[in-house]
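Engineer: Chains as they are written, first to last, in the numbering used here: chain A, 1 to 334; chain B, 335 to 668.
Protein chains: 2
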Amino acid sequence: MNPTIKDVANKANVSIATVSRVLNNLPGYSEKTKDKVFKAIEEIGYQPNAIARGLINKRTHTIGVMFPTVSSLFSSEILRGVEDYAQDNGYSVVVCNTDSDGKRTLKYLQVLREKQVDGVIFSSEVLKKEYYQALKKMQIPFVLVSTESNYKNVPYVKVDDFKAAFDAVQYLIRIGHRKIALIGGTKHDKIAGVTRIEGYKKALETHGIPVDPAYIAYGDFLFERGCEAMESLLRKAPDMTAVFAASDEMAIAALSVAAKHGIKVPEDLSIIGYDDLKLAQMVVPPLTTVRQPLYDMGNLASQKLIRMIKTGEAESSRIMAHSIVERQTVKPYA
Amino acid sequence: MNPTIKDVANKANVSIATVSRVLNNLPGYSEKTKDKVFKAIEEIGYQPNAIARGLINKRTHTIGVMFPTVSSLFSSEILRGVEDYAQDNGYSVVVCNTDSDGKRTLKYLQVLREKQVDGVIFSSEVLKKEYYQALKKMQIPFVLVSTESNYKNVPYVKVDDFKAAFDAVQYLIRIGHRKIALIGGTKHDKIAGVTRIEGYKKALETHGIPVDPAYIAYGDFLFERGCEAMESLLRKAPDMTAVFAASDEMAIAALSVAAKHGIKVPEDLSIIGYDDLKLAQMVVPPLTTVRQPLYDMGNLASQKLIRMIKTGEAESSRIMAHSIVERQTVKPYA
DNA sequence: CTGAAAGCGCTTACAG
DNA sequence: CTGAAAGCGCTTACAG
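1. Which of the three DSSP states, helix, strand or coil, is assigned to Lys492/B?
2. Phe67/A lies in the beta strand (DSSP E); which residues open and close that run?
3. Determine contact between the region 529–536 of chain B and the region 493–511 of chain B, defined as no fewer than three beta-carbon pairs at a distance below 8 angstroms.
4. Is His395/B near Gly415/B, with beta carbons less than 7 angstroms apart?
5. Please report the distance separating the alpha-carbon of Glu365/B from that of Ile385/B.
6. Kindly identify the DSSP beta-bridge partner or partners of Thr622/B.
7. Does the distance from the CB of Met616/B to the CB of Ile252/A come in under 7 angstroms?
8. Quick one: list the residues of chain A neighbouring Asp418/B, beta-carbon separation under 8 angstroms, in chain order.
9. Report yes or no: is there a C-beta of chain A within less than 7 angstroms of the C-beta of Gly542/B?
10. Looking at the structure shown, is Leu337/A part of a helix, part of a strand, or coil, going by DSSP?
11. So, Thr622/B versus Thr575/B, is the Cβ gap smaller than 7 angstroms?
12. Given a threshold of 16 other Cβ atoms within 10 Å of its Cβ, counted over all protein chains shown, does Ser316/A qualify as buried or as exposed?
13. Are there 16 or more other CB atoms within 10 angstroms of the CB of Pro361/B, so buried, or fewer, so exposed?
14. For Ile319/A, count neighbouring C-beta atoms within 10 Å of its own C-beta (all shown protein chains included) and say buried if the count is 16 or more, exposed if not.
15. If the cut is a Cβ gap below 9 angstroms, which residues of chain B does Phe223/A touch?
16. Under 7 angstroms between beta-carbons, which chain B residues line up against Ile252/A? List them in chain order, please.
17. Using a cut-off of 8 angstroms between C-beta atoms, extract the partners of Ile51/A located in chain B.
18. Could you give the distance in angstroms between the alpha-carbon of Asp609/B and the alpha-carbon of Glu376/B?
19. Any idea if Ala17/A is buried or exposed, counting beta-carbon neighbours within 10 angstroms, 16 or more meaning buried?
20. My assumption, with CB atoms under 8 angstroms, is that Val145/A sits in contact with Val157/A. Please give the rounded CB distance.
21. Against chain A, with Cβ distances strictly below 7 angstroms, would Arg414/B count as a contact?
22. Our contact map puts Ala571/B next to Ala515/B with C-beta atoms below 8 angstroms; I'd like the distance itself, whole angstroms only.
23. I want to see whether chain B comes within less than 7 angstroms of Ala259/A, judged by CB atoms only; does it?
24. Tell me which same chain residues have a C-beta within less than 6 angstroms of the C-beta of Gln450/B, skipping the five on either side of it?
25. Does Pro213/A get closer than 7 angstroms to chain B when you measure Cβ to Cβ?
26. Glu411/B touches chain A at which residues, Cβ-Cβ below 7 angstroms?
27. Using 10 angstroms around the beta-carbon of Gly176/A, count the other beta-carbons present and answer buried if the total reaches 16, otherwise exposed.
28. Measure the CB-CB distance between Ile597/B and Val624/B and report whether it falls below 7 angstroms.
29. Since Gln335/A meets chain B, which of its residues come closer than 9 angstroms, beta carbon to beta carbon?
30. Are the C-beta of Ser247/A and some C-beta of chain B separated by less than 7 angstroms?
31. Could you tell me whether the region 626–642 of chain B touches the region 533–547 of chain B, using the rule of 3 or more Cβ pairs below 8 angstroms?
32. Ser232/A by DSSP, collapsed to three states: which one?
33. Using the three-state DSSP reduction, which class does Asn97/A fall into: helix, strand or coil?
34. Near Ser92/A, which residues of its chain fall below 8 angstroms by C-beta distance, leaving aside the five closest residues on each side in sequence?
35. Let me know if Gln626/B comes out buried or exposed under the rule of 16 or more other beta-carbons within 10 Å of its beta-carbon.
36. Suppose you measure from the CA of Gly560/B to the CA of Glu448/B; what does that come to, to the nearest Å?
Written as C-alpha cells, this is what we have:
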C-alpha cells in the first residue's frame, strides 16, 4: 500500500489537516512544522493521491482529445501541440480515437464524463448536434481544432480553409497556369471538403477561368483515394498543367501516380498540396504546399481550453495564418 | 452539479447501497427495484463518477503510454494499437511525450503515479535504471514495446532487431549485392542502434564479405540526419550498390539524396528500409523495407498490460515476426 | 431483498 | 499556529 497523508501525519506528529496545508502551500503553520512534515514526506516516500484530490476539488487536471485517427501525421502533430502545452501546465491528456464513428464518439464522451475530465478538445470533424449536446451536458469547456461550428461559445482554432485554397490556386494562376485540376476532399465534409473546393472555384472565377467539372476529382484526404482521383483526372483532363490537392497525402498520391505514368513533376505537371506535413519535405521532389501550423494550432487549442477551465470565461476563436511553402513541385507555366 | 447516486436513491426511494448494487450488477434486489432504479437513473440523467469509484476500488481504468515523440509516424501507429485494445476493454490511455528527456520522463512517471494509473506502457527507449526504479515503486504493472530490458518480469513486445537487420542485408546479398552500405541508428542506442548494426555486420561476415567502415554512416533514425549520412556515404563509398537504412525515414532520406545527385533507384542503387511506415508505400518509388507490425505490437502490449492489471500475474515477452516487404527500391545486382 | 454505516484519501470550514 | 470533523461520491461488509 502506498503511504497516505495519514502516515505522514503520524510520522510528523501533526494532524492530516496540517499536512494538507503544507502540501498545498496554504498559510497556517510554523517553519518548524513545515520542516517536520517535509521530512516525514521524504522519509516515507509519500505522493499525494490525485484521485482523492479530484473527488474533493472537482478537478482532475486531465483533458480529453478526440481525433478521427490518432495515427495520422496530421492528428499526431496537433496532438503533440496539445500535449506539450498541457504537460507544461500540469494537465494530462487522454487520447480518443473515434474512427469518425458516431457511436464510438458518443461512447467516448461518456467515458470522459465519467472520468470527470476538466475539458475536451475536439479535432478535425464536424461537431454533430449529438456531440454538441453530449458535451453541453458535461458542463465542461471544450474547444475545436481544425474544425469549426456555429454554436455560440465554442471556440475553434483553425486556418481559413476557403482563403487558403483560394491562395493556393491563385498562386498557380499567377505563375501562368490556367488548366488547373483539383483533387478535393470529401464533398460531405462541410469544413475541409466543400470549403476548399469553393476556394478553388472562386480563384478560377476571379481570374476569368471557367470551372470545368472534368478538372475536378474527389478523394477522402488520404493516399489511396488520392491515387484514384489522380488516375481519373489523368483520363478526364489529360491536358491539365497543375493540380491542387486538398491534402498533402493526396498531393503525394498525385506525385506517385504521375511518376507511374512517366509524367515529370514539375516539368510536365505542377502539384501543390495542403497541410505541410513533415512528409512534404521528405518526398521527391519536395512538395510545394499550403502550410497549416498544426503544432501551433494544437498548442493554442490546449491553451484556450486550459484558460477556460481555470477562469470559467469564454475564449474567442482564432484563425491561424496559413502560408505557401515553395518547394519543388510547382513551376511557372510558360 | 451533476446528479449523484444520492439523487437517484431519493428519486427511486431506495438506499444508495441498492443503487450501487444495480449499477454494478451485483446480486440482491428484486426486478421491481431494479426497474425503479433504472427509471430514476434515466430520468435524472445520472452518470457514475469514476473518480469516486477509483478512490474506493483502487482502479482507475486508465493506463499511461510513454513515447519519445508521439508525433512520429512510428509512435502514432503503436499508439493506435494500444488505444484500440484499451478502449475496447474499458481502459483510457493518457499519452506522455518524453522528448527522450530523463527529467521529463521521471516527472511524467510521478504524475502517472499521482493519478493512480493502473499500468504503463513504455515505448521505444532504453528503460534506464531510474525509470525502472520509479516504475517499481509505483507497484503497478508495466510493459515495454519496441524496446527491451534485462529486468525480470518486465515483458516486452518487439521484433528481433538483430535478425531483422541480418535478414535485410542477407536479402541484398542473395540477389547479388556485395557493396552494401549501412545507415545505422544512434550508436548509443543499445536496442535499435547497435543491434541492427551488428545484424548488418553479421550478414556480411556470414557471406564472406569484409566489413568496411567506409560503407557505414550513422544517423538518428530521422530524416535530417539520414540525409547527412547518405551524403557522407556518397563521398566515402561511391561504388556502393545497395544501402540498408535502419529506419524508413532514413531510407527515404537516402532516396531523396540519391535523387538530388541524379542517382536512379533502383537502377543505380538499391535501398531497403526498416519499419514499414505508411510512408513507405507513398514515396516514389515505393520503398522496399523490413516490416515491423507496429499496430499489432501496440495492441499486444496493451493486451498484456491489461491482463497483468486484471490477473496480477506476470506475462511473457513476445518477439513479433518481421518480414521483408518487396516494393520497388531494390533490384538484383548483376 | 434492503439499508445504515464505515471508509477510500484527501480538503476545508470551524473552533480554539 | 493547529486539530477535530464533515464531506466529496462512491462500495462493501454487516445486520436484519
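Glycine is no exception: its CB is placed at the ideal position from the N, C-alpha and C atoms. As the structure is a prediction and not an experimental result, all values here were calculated from the model.
Structural biologist: Well, looking at it:
1. Start at 1 with the first residue of the second sequence, and residue 492/B comes out as number 158. If DSSP states are grouped into helix, strand and coil, Lys492/B belongs with the strands.
2. Translated into the one-based positions of the first sequence, residue 67/A becomes position 67. Start and end: Thr62 to Phe67.
3. yes
4. For the purposes of this step, residue 395/B is taken as the residue at position 61 of the second sequence. For the purposes of this step, residue 415/B is taken as the residue at position 81 of the second sequence. It is not a contact, given that the beta carbons lie outside the stated cut-off.
5. Numbered from its first residue, the second sequence carries residue 365/B at position 31. Numbered from its first residue, the second sequence carries residue 385/B at position 51. Glu365/B and Ile385/B: Cα-Cα distance of roughly 29 angstroms.
6. Taking the second sequence and counting its residues from 1, one reaches residue 622/B at position 288. Looking at the DSSP assignment, Thr622/B forms a beta bridge with Ile606/B.
7. Locating residue 616/B in the second sequence gives position 282, where the first residue counts as 1. Locating residue 252/A in the first sequence gives position 252, where the first residue counts as 1. In this structure, Ile252/A lies closer than 7 angstroms to Met616/B by Cβ.
8. Along the second sequence, read from residue 1 onward, the residue named residue 418/B stands at position 84. Those are Asn97, listed as they occur along chain A.
9. Your numbering for residue 542/B matches position 208 in the second sequence. With 7 angstroms as the cut-off, Gly542/B does not count as an interface residue toward chain A.
10. Coverage of chain A is limited to positions 1 through 334, which leaves residue 337/A absent and any answer about it impossible.
11. Sequence index remark: in the second sequence, residue 622/B carries index 288 (1-based). Sequence index remark: in the second sequence, residue 575/B carries index 241 (1-based). No; because the gap between Cβ atoms is not below 7 angstroms, this pair is not in contact.
12. Here residue 316/A corresponds to residue number 316 of the first sequence, with the count starting at 1. So Ser316/A ends up on the exposed side.
13. Locating residue 361/B in the second sequence gives position 27, counting from the first residue. Pro361/B should be labelled exposed.
14. Here the question's residue 319/A lines up with position 319 in the first sequence. Result: exposed.
15. For this step, residue 223/A is matched to residue 223 along the first sequence. Within 9 angstroms Cβ-Cβ: Lys612, Gln615 and Met616.
16. By 1-based counting over the first sequence, the position of residue 252/A is 252. Residues of chain B passing the Cβ test: Met616.
17. For the purposes of this step, residue 51/A is taken as residue 51 along the first sequence, with counting starting at 1. Neighbours of Ile51/A on chain B, chain order: Ile385, Gly388, Leu389, Thr394, Lys449 and Gln450.
18. Looking up residue 609/B in the second sequence gives position 275. Looking up residue 376/B in the second sequence gives position 42. In a straight line, the C-alpha of Asp609/B is about 49 angstroms away from that of Glu376/B.
19. Sequence index remark: in the first sequence, residue 17/A carries index 17 (1-based). So Ala17/A ends up on the exposed side.
20. Residue mapping note: residue 145/A aligns to position 145 of the first sequence, counting from 1. Residue mapping note: residue 157/A aligns to position 157 of the first sequence, counting from 1. Indeed they touch by this definition, with Cβ atoms about 5 angstroms apart.
21. One-based indexing of the second sequence puts residue 414/B at position 80. At least one chain A Cβ lies under 7 angstroms of Arg414/B.
22. To locate residue 571/B, count along the second sequence from 1; it is residue 237. To locate residue 515/B, count along the second sequence from 1; it is residue 181. Indeed, because the Cβ distance is near 6 angstroms, the residues count as touching under 8 angstroms.
23. By 1-based counting over the first sequence, the position of residue 259/A is 259. At least one chain B Cβ lies under 7 angstroms of Ala259/A.
24. Walking along the second sequence from the start, residue 450/B turns up at place 116. For Gln450/B, where only same-chain residues beyond five positions count, the Cβ hits under 6 angstroms are Thr394.
25. For the purposes of this step, residue 213/A is taken as residue 213 along the first sequence, with counting starting at 1. So, not an interface residue.
26. Working through the second sequence from its first residue, we reach residue 411/B at position 77. Those are Ser71, listed as they occur along chain A.
27. The residue labelled residue 176/A in the question sits at position 176 within the first sequence. Answer is exposed; the Cβ neighbour count stays below 16.
28. Position 263 of the second sequence, counted from the first residue, corresponds to residue 597/B. Position 290 of the second sequence, counted from the first residue, corresponds to residue 624/B. No. Outside cutoff.
29. Here chain A covers residues 1 to 334 and nothing more, so residue 335/A does not appear.
30. Against the first sequence, residue 247/A aligns to sequence position 247. Cβ-Cβ to chain B under 7 angstroms: no for Ser247/A.
31. no
32. Taking the first sequence and counting its residues from 1, one reaches residue 232/A at position 232. Helix at Ser232/A.
33. As a working note, residue 97/A is residue 97 in the first sequence. Strand.
34. One-based indexing of the first sequence puts residue 92/A at position 92. Only His61, Thr62, Ile63 and Ala86 meet the Cβ criterion.
35. Position 292 of the second sequence, counted from the first residue, corresponds to residue 626/B. The residue is buried, with at least 16 neighbouring Cβ atoms inside 10 Å.
36. In the second sequence, the residue the question calls residue 560/B occupies position 226. In the second sequence, the residue the question calls residue 448/B occupies position 114. Answer to the nearest angstrom: the Cα atoms are 40 angstroms apart.
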